[in-house]
Ligand SMILES: NC(=O)C1=CN([C@@H]2O[C@H](COP(=O)(O)OP(=O)(O)OC[C@H]3O[C@@H](n4cnc5c(N)ncnc54)[C@H](OP(=O)(O)O)[C@@H]3O)[C@@H](O)[C@H]2O)C=CC1
Ligand SMILES: O=C1O[C@H](COP(=O)(O)O)[C@@H](O)[C@H](O)[C@H]1O
């Protein structure tokens, strides 16, 4: 039974249809949208690549991806036949200009068959070097002149630095209108990330204390327990700062720090976020060593299994100085956040997978209880767990039952109802938004460039100074000691989130 309005008729062309992202993320997401009756009544998905596939082989390959990576359990997957009737493969070399005609022909054929002019979406799930030439060719197709019906989706990384991101923006905005361009940051599609806006702006409770008068500092952690997962070739030219901080972490920071939007219009939200990026205090090159720490993992053990060091990974050079860990202290120079440090960190092969935001409130102004009542006054803390735990915890002091006045910190926890396999994956939300033409959860050109501006001084400094101590952390740890020192200098320590007891 259909219980919601579906997007209009759509054709999705996935450049990189034979690639890893489509196999692991995009097709499982589209399949779940199909099962949840969110796909349009009329839709077609066309994978594009040079690899030879018959339709049958291609569908079997993608079905395997769904079976491995769909959030639904195997027994819930059962509508492959109906779904794959909508899926086809176009063997095409993106460098062959003449072959783009086949795309136009496919659209015309569907238009005739369906009797409607469909939305046409080009998803570029290819290496970044291919993006400019594919965009260039698509931009010259007549069907891309229809600004309301044709869209282009660009995967990360969006540029390698400020200059290349600016060039890519110039190219794309010369070919497409801004409303046709969907720059993906998959963190924005996560339920728990979107919930930051609901927590802050759908409740009157938090806003009065959400500022420098009550908040001592904020921490954002995106710790991964995985390593490179076969992506050494890409990662070696990226590193943790580019791979995670420039995009996902700065977007989280924006959602925590932005002013209240007056509406949920895409541009209104994006304006408020870009204001935060533009207010981040530029880090002077001579101060980088005080505000930022980089790390690289060596060989060691991860949960009882031996793992190789970063420099021995496939696709990595033996003397590599690429950062697999980054921690940065930011300040936001505006009225709300003046003087409040934002500590952010991310790393590969860390002790525990955990992405969370911690708002540490200031101490109570005076403590009327006997000094032995509590170890610390710094009890008020709000933690937004993004993954794998999906909850919001408020920590406060409570009296321990008994005849003495002894205080203990306790947690009040909101848990997302239902199990993980009922929560839409980020790519489901984002693909649906693209089909609906809603760009709220996508990056605008100026947002991407402002984020690059924030990290450029760190990147440039790191690129010119050779780290003396790499590798400087072992797998299954919380990163390099210098990162502990970065936050300890201000009298704080990193908060590692224990899993909530169920
Ligand atoms: N994999 C992931 O988990 C993530 C990936 N991304 C991004 O998504 C993008 C794709 O990554 P991923 O899927 O891992 O990469 P893969 O290397 O697995 O896939 C690359 C795709 O590009 C296609 N391709 C390459 N050259 C051509 C060509 N000349 N003409 C047509 N198609 C071509 C390949 O097809 P063929 O060889 O058949 O021609 C293949 O389908 C990258 O930008 C990556 O950074 C972002 C987040 C996560
Ligand atoms: O974009 C990326 O994100 C993943 C982490 O995503 P998550 O949803 O699992 O938190 C990271 O592993 C990868 O290196 C990076 O390119």
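Residue numbers (this note's numbering): 774 to 1275.
Cβ atoms here follow ideal geometry from the backbone N, Cα and C, with glycine treated the same way.
- Message: Please tell me whether, using a cut-off of 8 Å, the distance from the CB of residue 793 to the nearest non-hydrogen atom of ligand 1 is below it.
- Response: yes
- Message: Classify residue 1187: buried if its beta carbon has 16 or more other beta carbons within 10 angstroms, exposed otherwise.
- Response: exposed
- Can you name, in chain order, every residue of its own chain whose Cβ lies under 7 Å from the Cβ of residue 1265, other than the five neighbours on each side? 990
- Does DSSP classify residue 774 as helix, strand or coil? A caution first: residue 774 carries a pLDDT of 48, below 50, which makes its placement in the model too unreliable to give a value.
- Message: Closer than 8 Å to a non-hydrogen atom of ligand 1 - does that hold for the CB of residue 910?
- Response: Annotation for residue 910 indicates a beta carbon at 8 Å or more from all heavy atoms of ligand 1.
- Message: Does the beta-carbon of residue 1075, which I'm using as the reference point, lie nearer than 8 Å to any heavy atom of ligand 2?
- Response: no
- Item | residue 977 versus residue 936 - alpha carbon distance | Looking at the two C-alpha atoms, the distance is approximately 41 Å.
- Query: For the candidate residues 994, 1026 and 1011, whose alpha-carbon lies nearest to that of residue 1001?
  - Reply: Comparing Cα-Cα distances from residue 1001 to each of 994, 1026 and 1011, the minimum goes to 1011.
- Start and end of the beta strand (DSSP E) containing residue 1129? 1127-1134
- Item | Own chain partners of residue 1165 with C-beta closer than 6 Å, once the 5 adjacent residues on each side are dropped | 1157 and 1187
- Distance cut-off 8 Å: residue 1276 Cβ against heavy atoms of ligand 2: Not covered by the structure: residue 1276. The range shown for the chain is 774 to 1275.
- Can you list, in chain order, the residues of its chain whose CB lies under 7 Å from that of residue 1234, leaving out five sequence neighbours each side? 1058 and 1061
- Message: Applying the 10 Å Cβ sphere with the 16-neighbour rule, what's the burial state of residue 882?
- Response: Burial call: exposed.
- Message: Given 8 Å as the limit, tell me if residue 1115 has its C-beta closer than that to any heavy atom belonging to ligand 1.
- Response: no
- Mind checking whether residue 1125 and residue 1269 have CB atoms under 9 Å apart? yes
- Could you tell me which of 961, 1100 and 1028 sits nearest to residue 1018, measuring between CA atoms? Nearest C-alpha to residue 1018 among 961, 1100 and 1028: 1100.
- Message: Just verifying my parser: in three-state terms, what is the DSSP assignment at residue 1154?
- Response: strand
- Item | Contacting residues, own chain, Cβ-Cβ under 6 Å from residue 1208 (five flanking each side not counted) | 780 and 783
- Please go through the same chain and pick out, in chain order, the residues whose beta-carbon is closer than 6 Å to the beta-carbon of residue 1167, but skip the five residues on each side of it. 1155 and 1185
- Beta-carbon separation (whole angstroms), residue 863 vs residue 818, contact threshold 8 Å: In fact, because the Cβ distance is near 11 Å, the residues do not count as touching under 8 Å.
- Message: Under 8 Å: do the region 867-876 and the region 907-926 share three or more Cβ pairs, one atom per stretch?
- Response: Contact between the region 867-876 and the region 907-926 is present, because at least three Cβ pairs lie under 8 Å.
- Query: What's the gap between the Cα of residue 1231 and the Cα of residue 1115?
  - Reply: 16 Å
- Message: What does the alpha-carbon distance come out to for the pair residue 892 and residue 849?
- Response: 30 Å
- Query: When the distance is taken between beta carbons, is residue 843 closer than 9 Å to residue 801?
  - Reply: yes
- Query: Within 8 Å: the Cβ of residue 1195 and any heavy atom of ligand 2?
  - Reply: no
- Secondary structure at residue 1000, three-state DSSP: helix, strand or coil? In the structure shown, the three-state DSSP call for residue 1000 is coil.
- Task: Could you tell me which of 815, 806, 778 and 825 sits nearest to residue 790, measuring between CA atoms?
- Result: 825
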